[in-house]
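For reference, the structure discussed in these notes is given below.
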Amino acid sequence: MQIIENKEFRAEIDEHGAQLTHLYNKKVGFDYIWNGKEWGKHAPVLFPAIGRSNKDEYVLNGQTYSMPQHGFVADEDFSVISHEPNILTLSLRANDRTKGMYPFDFELKITFTLLSTGLSLSFNVSNHSDNVIPFSLGSHPAFNVPINGVGNFDNYRVEFNGIKDPLNVYKIVKTPAPYRTGKEEPLTNSNGNLFELNYETFKPGLRIITDSGVQSVRLFSPLTSHQIQLDVDQFKNICLWTKEDKDCTFLCIEPFIGLPDVLGEPVDWMKKEGNLFLAANSSQVYQYEIHLS
């Protein structure tokens with residue numbers, strides 16, 4: 085476990101999966117990140133897949149490969165590249181296990197930087213292969229709701245800034261697993277760019293916002309001055325999720341670049357909707373910030 089801190093915040097990051105496990109408000113003394121029993125994760129990194137692939141497989145150059153839900157990096161041990169009091173950089177390079185699922189020589193560096201207002205997460209994807217690589221990238225932080233124990237889950241609101249249309253989501257089928265149906269539907273309990281939290285809306289499963297213009301997402305309640313805002317302009321899709329079968333006190337606000345499959349057969353990743361493509365021997369950085377109060 086690696087620790088970074090400044091005057092305002094303290095973060096703990098597990099090298100296994102490069103997962104943020106705690107993010108403490110030092111002044112008030114509470115944790116923004118979920119650590120409950122009902123869901124055993126905290127803030128997984130999603131690479132090189134988002135969500136489920138049909139039959140947990142995909143196709144590349146005519147060959148079929150296995151791909152677990154959300155990719156494989158959550159099960160990999162990252163190496164510490166640098167560690168300063170408030171900055172940590174971790175790295176994962178392709179290995180024999182990853183190449184069995186994803187036949188590319190890649191490197192994923194993740195830098196966590198504590199700011200006076202919160203936490204910055206930077207994802208540097210490098211392609212050391214001689215061919216273009218397809219991939220998706222996402223982050224899956226689970227935030228405690230209520231924040232600092234103030235109020236209840238349904239006292240909180242989520243505000244989406246940067247959208248022009250009413251909030252729509254991709255319709256999800258849960259059998260045989262969570263896949264998109266290829267259709268859209270309104271986000272229930274929303275008005276304009278504002279969504280009022282309630283458990284019923286999450287019974288169908290994850291809620292992926294269809295509008296790709298979201299600039300920031302703010303979680304707040306009129307009962308408290310504490311709030312969480314994610315600045316996500318580089319990430320095309322935002323997903324909201326909590327457990328469907330239990331009324332849990334957390335909400336995942338997930339920046340995505342990429343999408344789960346539409347239910348059907350394994351998809352050719354060079355043609356997959358939402359995928360990113362990185363040229364041979366090049367790198368690209370994707371960043372978002374979590375602002376806290």
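Using my numbering, the final residue of the sequence shown is 377, and nothing's skipped along the way.
A virtual CB, placed ideally from N, CA and C, is assigned to each residue, including glycine.
CB-CB under 6 angstroms to residue i, same chain, minus the five flanking residues each way: which ones, in chain order?
i, result
"T34", "With the chain covering only 85 through 377, there is no way to say anything about residue 34."
"V346", "R264, G266"
"Q86", "I97, L172"
Please check the pair residue i and residue j, which I expect to be a contact at CB under 8 angstroms, by giving their CB distance rounded to whole angstroms.
i, j, result
"D249", "H212", "Contact doesn't hold; Cβ gap of about 40 angstroms is too wide."
"I194", "S206", "7 angstroms"
"N129", "G101", "Correcting the residue type first, residue 129 is Val in the shown sequence and not Asn. Right, their Cβ atoms sit about 6 angstroms apart."
"A127", "Q103", "6 angstroms"
"T326", "F286", "5 angstroms"
"K320", "S296", "4 angstroms"
"E268", "Y254", "6 angstroms"
Taking the alpha-carbon of residue i as reference, which of the options has the nearest alpha-carbon?
i, options, result
"N365", "V209, L198, T148, I256", "V209"
"R181", "F93, F196, D161, S166", "D161"
"E338", "N277, D214, G135, L347", "G135"
"V298", "T259, D317, D140", "D317"
"L324", "I293, T308, D352", "I293"
"L362", "D331, G113, S300, V216", "V216"
"A158", "E92, E328, E99, P288", "E99"
"E122", "S377, F340, D331, E373", "D331"
"T308", "C336, I247, F237, M354", "F237"
"G246", "K183, K91, M185, R302", "R302"
In whole angstroms, give me the CA-to-CA distance for residue i and residue j.
i, j, result
"S305", "Q311", "7 angstroms"
"L72", "L271", "Any property of residue 72 remains undetermined from this structure, which presents the chain solely from 85 to 377."
"E280", "K356", "32 angstroms"
"A261", "G348", "11 angstroms"
"L198", "L176", "21 angstroms"
"Q371", "K139", "31 angstroms"
"L174", "N252", "35 angstroms"
"P344", "A226", "19 angstroms"
"L192", "G113", "32 angstroms"
"G233", "E284", "21 angstroms"
"K110", "S377", "11 angstroms"
"A178", "P152", "16 angstroms"
Output needed for residue i: all residues of its chain with C-beta closer than 7 angstroms, excluding positions within five of it in sequence on either side, in chain order.
i, result
"V257", "Y263, T265, L347"
- Message: For a minimum of 3 consecutive residues, which ranges assigned as the beta strand (DSSP E) are wholly contained in the stretch 250 to 315?
- Response: Taken in chain order, the complete beta strand (DSSP E) segments of 3 or more residues contained in the stretch 250 to 315 are 252 to 257, 263 to 270, 278 to 280, 300 to 304, 312 to 315.
- Which residue spans inside the stretch 164 to 215 form an unbroken beta strand (DSSP E) run of at least 3? For the beta strand (DSSP E) assignment, the uninterrupted runs of no fewer than 3 residues enclosed by the stretch 164 to 215 are, from N- to C-terminal side, 171 to 177, 190 to 198, 202 to 211.
- Message: At 3 residues or longer, what runs of the beta strand (DSSP E) sit wholly inside the stretch 313 to 374?
- Response: You should have 321 to 325, 334 to 341, 360 to 362.
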